[in-house]
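Notes for the one structure printed next.
Residue numbers (this note's numbering): 4 to 93.
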């Protein structure tokens with residue numbers, strides 16, 4: 004079974020890890036009940052803010068409802084590794 008799922012959207016390739024405990028599920032779904040659409044909404048959302056976390060070597064992007072942690076696998080060809088996507092608490 005593949006360990007990762009690749010999605011191409013608007014010229015960007017997103018890599019999502021499959022869960023170690025249940026490889027039929029995306030890690031972000033198994034851990035946080037979020038999906039690809041949630042991650043893409045944060046990525047492409049005009050209202051999202053983003054910062055670079057130096058200590059963890061990752062970008063942290065937040066919309067009104069979700070957080071997305073990610074890093075470039077290849078910035079030149081726009082390949083992104085999604086670390087996690089989670090719902091923000093109210």
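Glycine included, C-beta positions come from ideal geometry on N, C-alpha and C.
| Asked | Found |
| --- | --- |
| Classify residue 34 as helix, strand or coil using the three-state DSSP reduction. | helix |
| Going by CA-CA distance only, name the one from 79, 67, 77, 80 that's closest to residue 42. | 67 |
| Are the CB atoms of residue 60 and residue 74 within a distance shorter than 8 Å? | yes |
| For the putative contact between residue 81 and residue 16, defined by C-beta atoms under 8 Å, what is the C-beta separation to the nearest angstrom? | 7 Å |
| Roughly how many angstroms lie between the CA atoms of residue 5 and residue 21, to the nearest whole one? | 8 Å |
| Start and end of the beta strand (DSSP E) containing residue 25? | It is not in any beta strand (DSSP E) - residue 25 carries neither H nor E in the DSSP assignment. |
| Keeping to the same chain, check which residues put their C-beta closer than 7 Å to that of residue 12; ignore five residues upstream and five downstream. | 43 |
| Please classify residue 71: is it buried, with 16 or more other beta-carbons within 10 angstroms of its beta-carbon, or exposed? | buried |
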